[in-house]
Amino acid sequence: MPEYPTSVIFRHPSPKVRRTELRRFLKDLTREILPAQSVTCLIASDADLSALNRQFRGKSHATDVLSFQPDDIAISFDRAVVQAAELGHSVEDELRILMLHGLLHLAGMDHESDSGKMKRVEARWRKKLGLPAGLIERVTA
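Taking my numbering, the leading residue of the sequence shown gets -10, the next gets one more, and so forth.
Spelled out as structure tokens, the structure:
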């Protein structure tokens, strides 16, 4: 099978984050969830995500993760830091949760309209990867 490139672009200083490990995580997870696709993940600021959210969704606030078909994910490092602190796990785990969530959206899942399918799939992946509670669980808990 051909190798499809993945990349993580850091537009945020993101101190103390092991970038190589996050790049490897995204590459490995993309290979499993979207095996014949490349993916680019932008890790940026709340201001950047707010601008993207406004431009593409008409919502004027920052959000933690956005997915853009067919192959782009944008994550707010600022939101990841806050959410990790609130939930008592590492920023790197929060970034992994957000990457997983974004990849599932790129795979065509939509927790707002799929009667719980994405929630179940995300829970299985989190368990397999040893990750704490995911986004959908937090909202529906």
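We put the beta carbon where it would ideally sit given N, CA and C, even for glycine.
Point to revise | DSSP three-state assignment for T52, whether helix, strand or coil | key: coil
Check your understanding: Can you tell which of G105, V28, F57, K16 has its C-alpha closest to the C-alpha of N42?
Key -> F57
Review point. In angstroms, rounded to a whole number, what distance separates the CA positions of S79 and R85?
Key: 10 Å
Exercise for review: Please go through the same chain and pick out, in chain order, the residues whose beta-carbon is closer than 8 Å to the beta-carbon of A131, but skip the five residues on each side of it.
Suggested key: Past the boundaries of the shown model lies residue 131; the chain is included only from -10 to 130, so the question cannot be answered.
Exercise for review: Classify A63 as helix, strand or coil using the three-state DSSP reduction.
Suggested key: strand
Check your understanding: Helix or strand or just coil, what does DSSP make of V(-3)?
Key -> Strand.
Review point. For I32, which residues does DSSP report across the bridge?
Key: F(-1), I64
**Study point:** Meets three-Cβ-pair contact criterion under 8 Å: the segment 69 to 78 and the segment 98 to 115
**Key:** no
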